[in-house]
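In full-length UniProt numbering, the protein residues as written are 1 to 188.
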């Protein structure tokens, strides 16, 4: 056992420590972060950090597709959704997909299309995450200057945050555009 001290609360933290499992240049002594510090260990490895985040996005999208598939497989058209304990299909129904006049679900094919698209895109994200985590360059600065970054460069960090916010804004605008001009949104 190795006793570490949390810099935030100054409480001793007992953690298992096995020096043989430490990867080269990624142990606590060289990075000044323990294994439980998460992304902090990858501060100087932009390619590996990208791989971790892309793979995590793949896991999230896989959950959405698999859970949607599970709900469609167990969905009974004759029973209300709230009695079936569904958590994803009601949200797809509010977008108007598969909903007929009177607000009842008459077709589950749009839900099936949504789940298949989620599962396919999760596979693409998963392979991209594995590639960047295992095979891709450790730092993006070496191969792709535009995607490389240094954490101390405020302008680059602001640019990365700004690009993410712009993409989220475009997604929100597309949802509003769909609600206004392409089928609306079903509200009881």
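Even glycine gets a Cβ: it sits at the ideal position worked out from N, Cα and C.
Given the structure is predicted, the values throughout are model-derived calculations rather than measurements.
#1: With a threshold of 6 Å on Cβ separation, who are the neighbours of residue 121 within its own chain once the five nearest residues in sequence on each side are excluded?
#2: Please classify residue 105: does DSSP put it in a helix, a strand, or coil?
#3: Are the CB atoms of residue 106 and residue 96 nearer to each other than 8 Å?
#4: Check this for me: beta carbons of residue 58 and residue 129, under 8 Å apart or not?
#5: Helix, strand or coil, according to DSSP, for residue 76 in the structure here?
#6: So what does DSSP say about residue 214, is it helix, strand or coil?
#7: When you compare the CB positions of residue 108 and residue 75, do they come within less than 8 Å of one another, or not?
#8: Looking at the secondary structure, which residues open and close the alpha helix (DSSP H) in which residue 164 lies?
#9: Which class does residue 185 belong to by DSSP, given the choice of helix, strand or coil?
#10: With DSSP as the reference, label residue 54 as helix, strand or coil.
#11: Between residue 156 and the rest of its own chain, which residues show a CB-CB distance below 8 Å, the 5 nearest in sequence each way excluded?
Taking the geometry as given:
#1: Taking the first residue of the chain shown as 1, we reach residue 121 at position 121. Listed in chain order, the non-local C-beta contacts of residue 121 below 6 Å within the same chain comprise 61, local neighbours out to five positions each way being set aside.
#2: Walking along the chain shown from the start, residue 105 turns up at place 105. DSSP places residue 105 in strand when its eight states are reduced to three.
#3: One-based indexing of the chain shown puts residue 106 at position 106. One-based indexing of the chain shown puts residue 96 at position 96. Using a Cβ distance threshold of 8 Å, residue 106 and residue 96 do not count as a contacting pair.
#4: Here residue 58 is taken as the residue at index 58 of the chain shown, counted from 1. Here residue 129 is taken as the residue at index 129 of the chain shown, counted from 1. For residue 58 and residue 129, yes; Cβs fall inside 8 Å.
#5: For the purposes of this step, residue 76 is taken as residue 76 along the chain shown, with counting starting at 1. Residue 76 falls in the coil class under three-state DSSP.
#6: Residue 214 falls outside the range modelled here, since the chain spans only 1 to 188, and no answer is possible.
#7: Position 108 of the chain shown, counted from the first residue, corresponds to residue 108. Position 75 of the chain shown, counted from the first residue, corresponds to residue 75. Yes; because the gap between Cβ atoms is below 8 Å, this pair is in contact.
#8: Along the chain shown, read from residue 1 onward, the residue named residue 164 stands at position 164. For residue 164, the enclosing alpha helix (DSSP H) stretches over residues 154-181.
#9: Numbered from its first residue, the chain shown carries residue 185 at position 185. In this structure, DSSP gives residue 185 a state outside helix and strand, which the three-state scheme calls coil.
#10: Here residue 54 refers to the residue found at position 54 when the chain shown is read from its first residue. Taken through DSSP and simplified to helix, strand or coil, residue 54 comes out as helix.
#11: Along the chain shown, read from residue 1 onward, the residue named residue 156 stands at position 156. Closer than 8 Å at the Cβ level, and outside the excluded window around residue 156, lie 149 and 150.
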